[in-house]
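Position 783, counted from 1, in the sequence shown is what our numbering calls 784; the numbers after and before it change by one each time, with no gaps. Built from N, CA and C at the ideal position, the CB exists for glycine as well.
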Amino acid sequence: MSNEVLTKIEQFKTSNTEIIDLSGSELKTLPEALLQMPNLIALDLADNELDTLPDWLGQLTQLRKLNVSGNQLNNLPESLYQLAQLQELDVSDNQLIVLPESICQLTMLQILVMSDNKLNLLPKSLDQLRQLNHLDVSHNRLRSLTKSLSQLSQLRFLDMSYNKFNEVPQSIGFLTQLQHLDMSHNRLIELPESISQLMQLKHLDISQNKISGLPTISQLTQLESLYTSGNQLSGLPESLNQLIKLKYLDISDNELNLLPESIGQLKQLQHLNATLNKISQLPESLGQLAQLRELYLSHNQISSLPDSLSGCRKLQELELAFNSLQALPKSIQTLHLKILMLQNNPELGIEPSLLGKYLPRWERNFLDFNSVKPSTILAVYFADQEQGNKPLNEIKLLLVGRGAAGKTSIVRRLVNNKFSRRLKETHGIDISKCPLPCGARDITLNIWDFAGQVITHATHQFFLSSNSIYVLVLTGREDTQKSDADYWLRMIRAFSRDSYSNHSPVLIALNKWSEHPFKLDRNLLLEKYPFIIGFVETDCETGLGMDELKQQIATAVQGLAFIGQTFKSSWWQIKQQLEKSQRQKHYLAYSEFQRICSKHGETDAKTQSMLAEIFHALGIALNYGQDERLRNTTVLNPRWVTESIYKLLREAVADDSAELSLARVAEVLPKEPEHMQRYLLELMRRFDLAFPLNETGDRWLVPQRLPEEQPVLSNEWKNPIDATRLRYKYPVIPEGLLPRFITRTYPLSEGGENDEGLPRWANGVVLAERSAKALIRLDHEERMINVMVIGERNARLMLLGVIQNDFRVIHNDISGLEQVEELEIEEQEGVYVPLPTLQADEANRQLSSASTMQGTITVNPTQQLNRLSEPTSRTNRSPRIKIFISYSSNDARFKDELVTRLKPMQESAGLIECWHDRYITPGEDWDGTIRVELEQADVILLLVSPKFLASDYIRGIEVQRAVERAEAGEAIVIPIVLEDCGWKYEKIKKLNALPPKGKPIRDFNPQRKAWYLLEEELRNLFARLSAHKSRNASR
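If you want it as structure tokens, here you go:
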């Protein structure tokens, strides 16, 4: 037992406290010093390493609350049942097989939590706990409920999810005070009719069973949430309309063909999820749901939407992906949607790049979800329906391959049928236009010729895209054609998958054929990469194969599902003006873009913002409107971006330090004004290519240029006894993948012991979070990233949450990467199981298996997953706490640090959902979006500094409304003081600031101590808020 624990107990004793928290203290035995505290009323021993409890525990006779969850207990001592005053007992997440009948002696017990054990039976004497109001037996092996349970007349909360129940007894109807009933993830075929007697019920979850029909539930008029997903329901009763207080209805993943007309009478309904059914038609009454905020209808067979949908005035999220929609009603434009999913409805004719990638809602919670605004998508769609529109008829043709393969020569042959032996090497990207006859119309090819140098591959990935045609250029000159083909085809597969899960077509040009004909197993490549549409033997010097290549490109264009968006005449004029301007300048200010729009008749600021978004999605002009630091510039020439960044990577970065200074940027790009030099640095930050080393933005680190050689690591990494190991396996590893991760996690690699930086190199990094550390390394040969995390459990979970979150974001950007995330099994060195397998087995309440040298072993998926995240983060249905972060752009580095600290609370704990202004766009909606997010936030964090207080908008809008909501009890507002300033004289002076006592973060040495204090306070706050929400849901 550590001295730290004994010291803590002594402090408790001297303070005469009646509550002791020893959770997460690595206890293997319980200290007898606790016997000297006979007046103890609450003892928290959660998340330790206890395998037994001492008999003397029964002497703490005043104990009212005992928490021993998250240990290794396989039985409980009889003396425990002498604690006659005990009101709350939590024995969850242990190894208990039985609970003795003597538990009936705890007659004062009100809350009993036994989840995540190995219980096969419940004690019959449980019915004698007549004060019990909360019973959690989830995540066990129970097959039946004791009928005597009906005697628990005070029971308000019953969770029996994740067991093996085949039926529920009729006697459950006697639990008339029940408000929360969770029977999800069992083997139920039907529900007892007596469930209609539970007239106080507010929450009912029967998801993931085998139920084919619902009993009469019309009497459950207090019901607020009903979850029936993952069953076999073929219809819903018309009597559903009696559930007049229903707010949440989840009927997804069933066999439903239609929604009843009576659904429109659920006047309080806010959330309706009917994804993964067979619904072909929606009732007109849907428009009567005036309170509806979220409507999920993806993966059905819906061909049309009712005009009445416009009646859902509060609707914010509408998912209709993967349906058969033929058209959209004009009335949909009156909705104020924040999210609109229309992917995989090809008959609508909307450019896939506008729709973006389909993400189900649970992924949007974890990822930096960013999409084209719904109003923009709808404006483009309805503009397409107007007369006199002109189709763009433009297709992107991307040439990729090794340097010196002859890509530029192929471009010259395609564009003007010329050849030269003295072409300069391409740096970055060259873009050319080429007319191409294609059936009855002419198509313009926008040909993107990518440099072949490895250093530029990391920038290429931001321009590789779907709905394009690829030409992969191979040669046999260096006998690398096989490995080159495999590398580039894997890259194309990773980056070119569209929203319909189709890959862009690829033509392979076997170049310099006359000089160096070579062998290539074409049939094998066609088998591995079915998106290859042809091979053409080419030679630019003789002109061999050029006509055939053009013809195959034309054939590929005709085979594309979507050739081009139509534009109204004013948009065409704006597009042509931008292309004309490109000849004189690489970029222009957003105000100049607005002037061009106004000149051609588009004077509305919202329309101008929408056009900026459209042109960006189509690659006509780049505007990163979601980023405050980038939104005021529109890039007309993408080539300028890649050439400038390439030049900085190659010439400006010091080889050993990987450091990039603003002064060096000025030397390398002397013609660019300082604000554009900073723009390029911010663009590198957005692409995860660099991060600032100081708060002024004068010094940056470029992880891609870190030394290749791994530094000598400390002894703690040499075969640690207790470590959590993850690995990510890839078909191909895109250049820059690990440097992107280093950039995203930089706050955690900046300070170690004595505030020294932790090791970083091109293929690895060490991160630290409190008492935990992580070693992340890339193995190029095995195409794998290995993660090893050591340290105390809670800190380890937090650090793992950051790691998983950031890899998930990176992987999401590459929709076809097809990575596999695996977890090493505890005490089985080198034995890994795919994480999705463990998650699926846990959901299905079955054991996993793993192959070892000694044969196949069984694995408890829940126990393994608990090493990555808290169980509640995987099963908790409570709404996440919404966080709003208000900050000055001058304090972006502090914001990055805060977001990094919050990631574990979002990922491993499942507590929160963050929002800050990175996702807003220029124009009027900028202000509107902030106001909406402010109103919806549960917690508002103010990063207070002189620059923060100097902003009229922050003080006048964000701070003003935050204080108003705090005073009205609608939100919790917390000033986070970054540095000394006059905040105590502002409106926020009455609020409780962090760090404690309002000490500025800058005044801490090292600053990470401030972040630790801040993180702990916020975690405790979020846990309390989450518990409060859960209690409200069960009432």
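Smallest Cα separation from residue i: which of the options?
i	options	result
Asp128	Ser154, Asn141, Val138	Ser154
Leu7	Leu28, Phe594, Asn258, Leu526	Leu28
Lys279	Leu321, Asn210, Glu736, Ile245	Leu321
Ser332	Phe323, Gly350, Tyr382	Tyr382
Ile245	Leu267, Ile777, Ala495, Asp308	Leu267
Arg932	Trp514, Ser887, Ile913	Ser887
Leu306	Ser299, Leu329, Pro353, Ile378	Leu329
Leu136	Gln171, Gln178, Gln96, Lys165	Gln178
Tyr297	His272, Ile575, Leu521, Gly288	His272
Phe166	Leu122, Gly174, Ser197, Leu202	Leu122
With a threshold of 16 other CB atoms inside 10 Å of the CB of residue i, please say whether the residue is buried or exposed.
i	result
Asp756	Low confidence applies here, because Asp756 scores a pLDDT of 46, under 50, leaving its location unreliable and the question unanswered by this model.
Glu754	Note that Glu754 scores 42 on pLDDT, short of 50, meaning its location in the model is unreliable and no value can be drawn from it.
Glu774	Here residue 774 turns out to be Lys, not Glu, going by the sequence shown. It counts as buried.
Asp91	buried
Asp485	buried
Ala441	exposed
Glu1017	exposed
Lys991	exposed
Gln209	buried
Lys138	For the record, residue 138 in the displayed sequence is Val; it is not Lys. Answer is buried; the Cβ neighbour count reaches 16.
His781	exposed
Phe496	buried
Asn301	buried
His504	buried
Assuming residue i and residue j make a contact with CB atoms under 8 Å, what is their CB distance in whole Å?
i	j	result
Arg967	Ile958	Here residue 967 turns out to be Ala, not Arg, going by the sequence shown. With 8 Å as the limit, Ala967 and Ile958 do not qualify as a contact, their Cβ atoms being about 15 Å apart.
Ser162	His186	5 Å
Ala406	Asn512	6 Å
Arg706	Val654	4 Å
Asn75	Ile98	7 Å
Leu473	Trp489	5 Å
Asn242	Lys211	No, Asn242 and Lys211 are not in contact; Cβ-Cβ is about 26 Å, not under 8 Å.
Thr409	Asp450	6 Å
Gly236	Leu250	About 15 Å; that fails the 8 Å criterion.
Arg651	Tyr591	Incorrect: roughly 30 Å between the Cβ atoms, too far for contact.
Three-state secondary structure (DSSP) at residue i?
i	result
Pro506	coil
Ala1011	helix
Asp385	helix
Ile621	coil
Glu285	helix
Asn891	helix
Ser305	coil
Thr177	coil
Asn755	The predicted model places Asn755 with a pLDDT of 43, which falls under 50 and marks its position as unreliable, so this point remains unresolved.
Arg1020	helix
Thr62	coil
Thr409	helix
Ser849	strand
Phe885	strand
His204	strand
Pro693	strand
Trp573	helix
Trp57	helix
Gly970	coil
His812	helix
Tyr731	coil
Leu899	helix
Gly765	strand
Report whether the distance from the Cβ of residue i to the nearest heavy atom of the ligand ADP is below 6 Å.
i	result
Leu637	Annotation note on the ligand ADP: not contained in the displayed structure, which lists no ligands.
For the region 687-696 against the region 778-796, do three or more pairs of beta-carbon atoms, one drawn from each stretch, fall closer than 8 Å, so that the two count as touching? Contact between the region 687-696 and the region 778-796 is absent, because fewer than three Cβ pairs lie under 8 Å.
Would you be able to state if there are at least three C-beta pairs under 8 Å between the region 307-319 and the region 287-298? Result yes; three or more Cβ-Cβ pairs closer than 8 Å.
Does the region 636-646 come into contact with the region 601-610, if we say contact requires no fewer than three beta-carbon pairs (one atom in each stretch) closer than 8 Å? They do not touch, by the three-pair rule.
Three or more C-beta pairs closer than 8 Å, one from the region 541-555 and one from the region 570-585: is that the case here? Short answer: they don't touch.
Examine the Cβ distances between the region 77-84 and the region 50-59 and report whether three or more of them are shorter than 8 Å. As far as the Cβ criterion goes, the region 77-84 touches the region 50-59, which means the pair count is three or higher.
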